[in-house]
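Protein chains in written order, with this note's numbering: chain W, 11 to 309; chain Z, 11 to 309.
Notes to accompany the following structure.
Here it is, written out as structure tokens:
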């Protein structure tokens, strides 16, 4: 498949724009919010990015027969949780990164205290939006539970701790690596699919299919990310490259080599696409294109 | 009223024990959670403390005719959010405190990265518990919205930012001080009352009464805290005293003096007790005792 064919198709670009508009509305200035805090939250949330998780939520909703608009609060909540995790991961006490999405990181611009609080604010706002703006209440509660479980101590936060601890480990292996990624990035991405599915009215079979699709795409996405750290340029990525290898971090290319990493990603994307056979063909087509895009992206 | 009369009554002590047991269960070791993260979360969450917010939630539920057990998930969620805020506030980048509840703070024991993540984990777990364990789904969603709004950028997180910024302000005044406390501690305390009330089946009138009771008790609690910083001993409080004044922090005693601060707290507690007249006498009695306790406590 050529790179050209893997570019976002028009329908998907519309979803990105819907998400951008909704995100701007959600972090607009508020009377009760200190202006500097609002600025810090908006600075990181509105810094662009692929909006992969929000788009997945919207497409999953549509694949189940729902309207994308109904899943917009979930889409925005996912991006807020993703953004908060980046702000906190970039802190000096953690990965100590100065550059993110081509711009200075939050703590560089706003100071450490404000960066911590902007992250806290975004995480909390994610749940406020889900609980208040998803209908009916049962679905809102189920989405809150999905997101919290995915983002929490047995999910994303646990994965970040495991990742920090793995740096000190003497014998790295594929099992450890995949377990870290399952939690650090995989669980959140899977929750994008299940939340979108719930809002679209998915039954248990469709939810399972979306969950497994999400698991495969999430791992493939991480492999692609690791590969880009080795093969991409700083300009394409908007962040420092070669840093993982330089820090002796556990990555797919360092464990499997570049070619085997590519093969593993390809297998995962094939499996993801197989999961979609339970959906009506036309409805799941955008999810299939997106899976291919993950494999072929160069930024 | 003598101090003896303000001691917790037996029924209320039972609520504290219910909360302790439930908290222990919620942060027990989990297969998918890195052990050190679970330790850090449990270390701060199970460090004792008055459990004021959880008890308020349980008592509000009972005042409306519900069973305390039904509100236990909300009670635990409140304590998790309170604890996360303490962990993050104590960080070197924020208030830089080494001692909390008589023990070294989280970042002193576990390091800064783990303290940030333990806080993130507790905040997220709070919403997981609420969303999953409160029935029915509508009430769960309403509680998630209450808690998130109270804890978020227009509530507690915003209050912490305003507090940090107020330290740099040249002309402190009572209005600024009360606006900070409304958000930093008041909103969360009020949400304890409204969540408990919702779970107990409160109608709009009872919810309003509980909210106003919570507002008054919250401010009175903060005044009492400021007074204890001036008049208490380090041994009684389990943390450094005189620190607020030493840092030139905005407090009630520094603005109003000790006697006027005591008067203001007394007025607020009277108003809180007046709010309870809409309840059946016997059911709201524990909330009345608790309000008195806030005024008279010495630790």
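We put the CB at the ideal spot given by N, CA and C, even for glycine.
| Item | Value |
| --- | --- |
| Neighbour flag for residue 24 (chain W) against chain Z, beta carbons, 7 Å | no |
| Three-state secondary structure assigned by DSSP to residue 20 (chain Z) | Unreliable positioning characterises residue 20 (chain Z) in this predicted model, as indicated by a pLDDT of 47, which lies under 50. The coordinate reading is nonetheless provided below. Helix at residue 20 (chain Z). |
| 3-residue-minimum beta strand (DSSP E) runs that sit fully inside the segment 70-98 of chain Z, ordered along the chain | none |
| Straight-line Cα distance separating residue 95 (chain Z) from residue 129 (chain Z) | 7 Å |
| Cβ neighbours of residue 115 (chain W) in the same chain (closer than 7 Å, five flanking residues each side left out) | 100, 107, 108 and 109 |
| Proximal residues to residue 281 (chain W) (C-beta, below 7 Å), its chain only, five neighbours per side dropped | 226 |
| C-alpha distance - residue 191 (chain Z) paired with residue 238 (chain Z), whole-angstrom precision | 16 Å |
| Near-chain Z residues of the segment 72-102 of chain W (beta-carbon distance less than 9 Å), N- to C-terminal order | 91, 94, 95, 98, 101 and 102 |
| Beta carbon proximity, residue 142 (chain Z) to chain W, threshold 7 Å | yes |
| Interfacial residues, the segment 121-132 of chain Z to chain W, with Cβ spacing under 9 Å | 121, 122, 123, 124, 125, 126, 127, 128, 129, 130, 131 and 132 |
| Stretch pair the segment 146-156 of chain W + the segment 134-148 of chain Z: three plus CB contacts closer than 8 Å | yes |
| Best match in W:260, W:273 and W:291 for proximity to residue 183 (chain W) [C-alpha to C-alpha] | W:260 |
| Simplified DSSP assignment, three categories, for residue 114 (chain Z) | strand |
| C-alpha distance - residue 229 (chain W) paired with residue 273 (chain W), whole-angstrom precision | 12 Å |
| CB contact flag (residue 80 (chain W), residue 202 (chain W), <7 Å) | no |
| The segment 28-36 of chain Z touching the segment 163-173 of chain Z, judged by at least three CB pairs closer than 8 Å | no |
| Presumed contact (8 Å Cβ cut-off) between residue 29 (chain Z) and residue 84 (chain Z), rounded CB distance | So it is not a contact: roughly 11 Å between Cβ atoms. |
| Three-state secondary structure (DSSP) of residue 313 (chain W) | Given a span of 11 to 309 for chain W in the structure shown, any question on residue 313 (chain W) remains unanswerable. |
| Of the residues W:123, W:31 and W:207, the one placed nearest residue 297 (chain W), counting alpha carbons only | W:207 |
| Closer than 7 Å to chain Z by CB, residue 205 (chain W) | no |
| Three-way DSSP call (helix, strand, coil) for residue 56 (chain W) in this model | coil |
| Per-residue contacts from residue 159 (chain Z) into chain W (C-beta, under 7 Å) | 138 |
| CB contact flag (residue 148 (chain W), residue 58 (chain Z), <7 Å) | no |
| Close-in-space but distant-in-sequence residues of the same chain around residue 56 (chain Z) (CB under 8 Å, 5 per side omitted) | 30, 33, 34 and 37 |
| When Z:113, Z:123 and Z:197 are compared against residue 105 (chain W), the one with the closest alpha-carbon | Z:123 |
| Residue-chain proximity (residue 186 (chain Z), chain W), Cβ-Cβ < 7 Å | no |
| Coarse secondary structure for residue 109 (chain Z), derived from DSSP in three states | strand |
| Cβ neighbour criterion (16 or more within 10 Å) applied to residue 44 (chain W) | buried |
| Chain-ordered neighbours of residue 167 (chain Z) on chain W, where CB pairs are closer than 8 Å | 47, 127, 130, 131 and 134 |
| Min CB distance residue 44 (chain W) to chain Z below 7 Å | yes |
| Distance cut-off 6 Å: residue 207 (chain Z) Cβ against heavy atoms of the ligand HEM | You won't find the ligand HEM in this model; it holds no ligand whatsoever. |
| Helix, strand or coil at residue 304 (chain Z) according to DSSP, with G and I counted as helix | helix |
| C-beta contact flag for residue 198 (chain W) and residue 166 (chain W) at 7 Å | yes |
| Extent of the continuous alpha helix (DSSP H) to which residue 146 (chain Z) belongs | From DSSP, residue 146 (chain Z) is part of no alpha helix (DSSP H); its letter is neither H nor E. |
| Beta-carbon proximity of residue 78 (chain Z) to residue 136 (chain Z), cut-off 7 Å | no |
| First through last residue of the alpha helix (DSSP H) which encompasses residue 342 (chain Z) | Absent from the model: residue 342 (chain Z). The displayed extent of chain Z is 11 to 309, so no value can be given. |
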